[in-house]
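In what follows, a structure is listed as structure tokens, so that the remarks can point back to it.
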Amino acid sequence: MADLTGKVILVTGASRGIGAATARTLAHAGAQVIIHYGRNATEAQVLVEDLGHDHALPLGADLSQPGAAAELFQRAAAWQGRVDVLVNNAGIAPTATVDDPVGEWSAAWASTLQVNLVATADLCREAILHFRERGGGIIVNVASRAAFRGDNPDAMHYAASKGGVIALTRSIARGYARENVLAYAVAPGWVSTDMAQAYIEAHADTIAREIPLGEVVPPEEVANTIAFVASGLVRHMTGATLDLNGASYV
Ligand code: NAD
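With the numbering used here, letter number 4 in the sequence shown gets 4, and the count goes up by one each step, no holes.
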């Protein structure tokens, strides 16, 4: 396991799903973790009690609100006087309910781009400013395989937002490598969380057929991937997107 002793790490959307699994993995590897949550303070509190107050701090912020991301980063940095790693995990995947998504572009576009891409970019900006003063730092952005394969018309806004996250990550890696700011994207296929569970259950046969490994990604494997790059052990992989696909390349 990666050794993250002494690292202060902000994980967004950490109250459940991939974010909660990541917060647990990072804390067990020695990190002090800021558990950001959107609306559910209770889930975040339960996780913090479990990890211990020396290792975890809950912080709420609604990332659908412009300006919330920058304020969140400042509050996170105030806890231990610094943030060493930023994990942008919070995300939404609303499907457009219109019959003809191309003819009637949905409001889901605006909300999805705001939470998945704009808030991620705002947090990256704050982190870069902070890291530059401190001699470096690491950003890990959770994207999705939907960025490579595309998505159905009722969810193309989701694929587009995650494609933006990958391009943003690569650009940060290129632009700030000389200041020791490293940036990675992690792109899982289907992961067994609340976000995707209904789809996974409804399409179990297709998933078993199309993914050679025969199963969706457990959240713990996404967490392990994030911990690996957050450790700083693989600096020369900066800008890369780690593709968790179970050998399914479509
Ligand atoms: P989830 O729905 O369980 O968790 C999403 C998290 O984002 C929650 O903690 C939620 O509170 C937070 N969030 C959502 N809207 C927010 C807002 N407005 N303000 C603040 N926080 C907000 O889903 P998950 O599967 O754990 O997703 C985590 C990340 O992984 C997302 O970025 C998602 O797009 C990505 N992802 C998921 C899958 C999958 O199949 N589950 C696959 C690829 C990528």
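Where a beta carbon is used, it is the ideal one built from N, C-alpha and C, also for glycine.
This structure is a prediction, so every number in the text was calculated from the model and none was measured.
query: Scan the segment 155-238 and note each continuous beta strand (DSSP E) run of 3 residues or more that stays entirely inside, going in chain order.; result: 181-188
query: In the DSSP output, which residue or residues are listed as bridge partners for D84?; result: DSSP, once it has assigned bridges, lists no residue as partnering D84.
query: With DSSP run on the structure shown, which of helix, strand or coil describes D50?; result: helix
query: Specify, as a first and last residue, the run of the alpha helix (DSSP H) that T95 falls within.; result: Element bounds for T95: n/a, residue is neither H nor E.
query: A90: which of E201, G30, G17 sits nearest, CA to CA?; result: G17
query: Heavy atom of ligand 1 less than 7 Å from the Cβ of M195, yes or no?; result: yes
query: Would you tell me roughly how many angstroms separate the C-alpha atoms of V229 and A204, rounded to the nearest one?; result: 31 Å
query: Suppose contacts are defined by Cβ-Cβ distances below 8 Å. Is N116 in contact with V165 by that definition?; result: yes
query: Do M195 and A76 have their C-beta atoms within less than 8 Å of each other?; result: no
query: Tell whether a beta-carbon distance below 8 Å holds between K162 and A183.; result: no
query: Helix, strand or coil, according to DSSP, for L4 in the structure here?; result: coil
query: Excluding five sequence neighbours on each side, which residues of the same chain lie with their C-beta closer than 7 Å to the C-beta of N245?; result: R145, G189
query: Using only the heavy atoms of ligand 1, determine whether one of them is closer than 7 Å to the beta carbon of V229.; result: no
query: Which of helix, strand or coil does DSSP assign to Q65?; result: coil
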